[in-house]
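Engineer: Quick one: structure below, then a few questions.
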Amino acid sequence: MRIKPSKKAIRALGIAESFRRNSVKAFLAGVVMRSDFLIDGFSFAKTTVAGDDATDSIINLYRSLKREDVNLIMISGTIISMYNIVDINRVFKETGKPVLALTYRSSKGIEEALKKHFPENWERKLEAYKRLGARKEVKLKTGLKIFVRNVGIDDFDSKII
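With our numbering applied, the sequence shown corresponds to residues 900 to 1060, in that order.
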């Protein structure tokens, strides 16, 4: 899908999560914001801490908005709520909306953490993570570096947005 970053009112659904380690569920907050910084809607969902339902929760959060005018989905990370991995390819496929997953630090990988926290099924979680592909480093106008995975939107437009 081609997005025109110069369009005055691109609408992005930005999704972030919050949880406590001793909680069973984490909260997802989704905010629809236009490129002119007008907040245009919001929705909430829950996902399981250390579970495997983050992808479904994000898709359901998007659908609960009942908004066809959202141009793309931006997610703060692909590993949320204690290693609940978001399949951004499936989010794109099921919503039809381009997906940008952003992270803010480099990392050496998650294999050791998965082995520690999920001794019974760490390989399955690691394979799900590897299917997401590599992150791309993007330097913002501010000089800050972020890391991006993008599906349904090309690298050029991802950097502009």
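A virtual CB, placed ideally from N, CA and C, is assigned to each residue, including glycine.
Rounded to a whole number of angstroms, what is the C-alpha to C-alpha distance between Lys996 and Val948?
Structural biologist: Within the sequence shown, the letter at position 97 stands for residue 996. Within the sequence shown, the letter at position 49 stands for residue 948. Their backbone Cα atoms lie some 26 Å apart in a straight line.
Engineer: Are the stretch 1034 to 1046 and the stretch 1009 to 1025 in contact at 8 Å, needing three or more beta carbon pairs?
Structural biologist: Cβ pair count under 8 Å is below three, so no.
Engineer: Mind checking who Phe918 pairs with in its DSSP beta bridge?
Structural biologist: Taking the sequence shown and counting its residues from 1, the one referred to as residue 918 is at position 19. Partner(s): none; Phe918 has no beta bridge.
Engineer: Our contact map puts Leu960 next to Ala911 with C-beta atoms below 8 Å; I'd like the distance itself, whole angstroms only.
Structural biologist: Taking the sequence shown and counting its residues from 1, one reaches residue 960 at position 61. Taking the sequence shown and counting its residues from 1, one reaches residue 911 at position 12. The Cβ separation is near 14 Å, so there is no contact.
Engineer: Looking at the secondary structure, which residues open and close the alpha helix (DSSP H) in which Leu960 lies?
Structural biologist: Taking the sequence shown and counting its residues from 1, one reaches residue 960 at position 61. Ala953 to Leu964 is the extent of the alpha helix (DSSP H) around Leu960.
Engineer: The beta strand (DSSP E) that contains Ala925, what's its start and end?
Structural biologist: Here residue 925 is taken as the residue at index 26 of the sequence shown, counted from 1. Looking at the DSSP string, the run of the beta strand (DSSP E) that includes Ala925 is Lys924 to Arg933.
Engineer: Take Arg927 as the anchor and find which of Ala1033, Ala953 and Gly1042 has the nearest alpha-carbon.
Structural biologist: Mapped onto the sequence shown, residue 927 falls at position 28. The residue you asked about is not Arg; residue 927 is Leu in the sequence shown. Taking only the C-alpha atoms, the option nearest Leu927 is Ala953.
Engineer: Of all the options Ser956, Arg1030 and Arg1023, which has the alpha carbon lying nearest to the alpha carbon of Lys924?
Structural biologist: Position 25 of the sequence shown, counting from 1, holds the residue named residue 924. Ranking Ser956, Arg1030 and Arg1023 by Cα distance to Lys924 puts Ser956 first.
Engineer: Based on Cα-Cα distance, which residue from Arg962, Asn921 and Ala908 lies nearest to Leu937?
Structural biologist: The residue you call residue 937 lines up with position 38 of the sequence shown. Among Arg962, Asn921 and Ala908, the Cα nearest to that of Leu937 belongs to Ala908.
Engineer: For the alpha helix (DSSP H) that Ser1057 lies in, which residues bound it at each end?
Structural biologist: On the sequence shown, position 158 is the one that residue 1057 refers to. Note, Ser1057: alpha helix (DSSP H), Asp1054 to Ile1059.
Engineer: Helix, strand or coil: how does DSSP classify Ile938 here?
Structural biologist: Along the sequence shown, read from residue 1 onward, the residue named residue 938 stands at position 39. The answer is strand: DSSP assigns Ile938 an E or B state.
Engineer: Relative to the C-alpha of Lys1007, which candidate in Ala1033, Lys1058 and Ser922 has its C-alpha closest?
Structural biologist: Position 108 of the sequence shown holds residue 1007. With distances taken between Cα atoms, Lys1007 lies closest to Ala1033.
Engineer: I believe Glu993 touches Thr946 by the beta-carbon criterion, under 8 Å. Please report the beta-carbon distance rounded to the nearest angstrom.
Structural biologist: Start at 1 with the first residue of the sequence shown, and residue 993 comes out as number 94. Start at 1 with the first residue of the sequence shown, and residue 946 comes out as number 47. Rounded, the Cβ-Cβ distance is 16 Å, inconsistent with contact.
Engineer: Can you tell me which residues form a DSSP beta bridge with Gly913?
Structural biologist: In the sequence shown, residue 913 corresponds to position 14, counting from 1. DSSP lists Val930 and Met973 as partners of Gly913.
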